[in-house]
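Below you'll find the structure, written out as structure tokens, and then a few comments.
2 protein chains.
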Amino acid sequence: MRVLETCVYARDIGAARDFYVEVMGLKCFVFKPPRQAFFDAGDGVFLVFNPDETRGDEKLPPHGADGSGHVCFRIGADEIDDWRTTFEEAGLEVHEATWPKGESLYVYDPAGNLVEVAPATIWGK
Amino acid sequence: MRVLETCVYARDIGAARDFYVEVMGLKCFVFKPPRQAFFDAGDGVFLVFNPDETRGDEKLPPHGADGSGHVCFRIGADEIDDWRTTFEEAGLEVHEATWPKGESLYVYDPAGNLVEVAPATIWGK
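As you go down the protein sequences, you meet chains F and V in turn. All the letters of the first sequence, read from the start, carry residue numbers 2 to 126 under our numbering. All the letters of the second sequence, read from the start, carry residue numbers 2 to 126 under our numbering.
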């Protein structure tokens, strides 16, 4: 079983698109504010929903969360320094963590979700 | 860019483990209540955190959300009927959606997160 859709929530869908495209480098293939922005993520998709919209769905089962969600994107182990530079140049505060099998970086997206980049080695993958 | 970690939140980590192992068929490789349960998910991992614990982290950047998160797991297009049976036998209410390129099923996990199973064809993958 693999994950096909990973989701975080944001009320400002435009700010979410700007962050995930311009900073994270994802391709946005659906942009329908105020409800959603969808991004290509390899063999899956990364979805940002406005919880005020998805909680009120009538055709689909309602969902939506408040607070700080979390997602981690896979990078190469040799890309950590480049990502630190990318985040710093975007004016983001960068948090670092050292694991037994690698290193990861964290920033917060405009909605306050905790976004991590890490090599798959931290999970032995 | 691919997703490495997908996360939802639950306060009852034991109930989350039971659901994701027994109903969803994932392998739980870290079980540390009341904080977290981690599950293998192919080339990535699926994480369930107790937001009351992760919001208070001192070493790692805090995160944690309340409400109904969302995740979708990838299944084969020919597995929909088997999954409907699995969910019904688990006593879960099953919601169905038909998309231009496939069908998906939804249930809620014990914490109220919306869990979907769908073939990758619904995203053209």
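Note that beta-carbon positions come from the ideal geometry of N, C-alpha and C, so glycine has one too.
- Using beta-carbon distances, G57 of chain F does not count as an interface residue toward chain V, since no partner is under 9 Å.
- Nearest in C-alpha terms to P120 of chain F, of all of F:C29, F:G113, F:R75 and F:F88, is F:R75.
- Around the C-beta of A91 of chain F, fewer than 16 other C-beta atoms lie within 10 Å, and the residue is accordingly described as exposed.
- The alpha-carbon separation between V72 of chain F and E89 of chain V amounts to approximately 30 Å.
- Each of F:D19, F:F47 and F:F20 was checked against the Cα of M2 of chain V, and the nearest Cα belongs to F:F47.
- For the stretch 33-44 of chain F, the set of positions with a beta-carbon nearer than 7 Å to some beta-carbon of chain V reads A42, G43 and D44 in chain order.
- Within the DSSP secondary-structure output, K126 of chain V pairs in no beta bridge.
- Going by DSSP, G15 of chain V is part of the alpha helix (DSSP H) stretching over I14 to D19.
- With a cut-off of 8 Å on Cβ pairs, the stretch 33-44 of chain F is not in contact with the stretch 95-103 of chain F, counting fewer than three such pairs.
- Here T7 of chain F is near T7 of chain V, since their CB atoms are less than 9 Å apart.
- Inside the stretch 45-106 of chain V, DSSP marks whole beta strand (DSSP E) runs of 3 or more residues at positions 45-50, 65-69, 71-75 and 96-100, from first to last along the chain.
- Beyond the five residues adjoining it in sequence on each side, R36 of chain V comes within less than 8 Å, by CB distance, of I14, F50, N51, E54 and T55 in the same chain, given in chain order.
- The Cβ-Cβ distance between A112 of chain V and R18 of chain V does not fall below 9 Å.
- If you check the CB distance, V108 of chain V and V24 of chain V come in under 9 Å.
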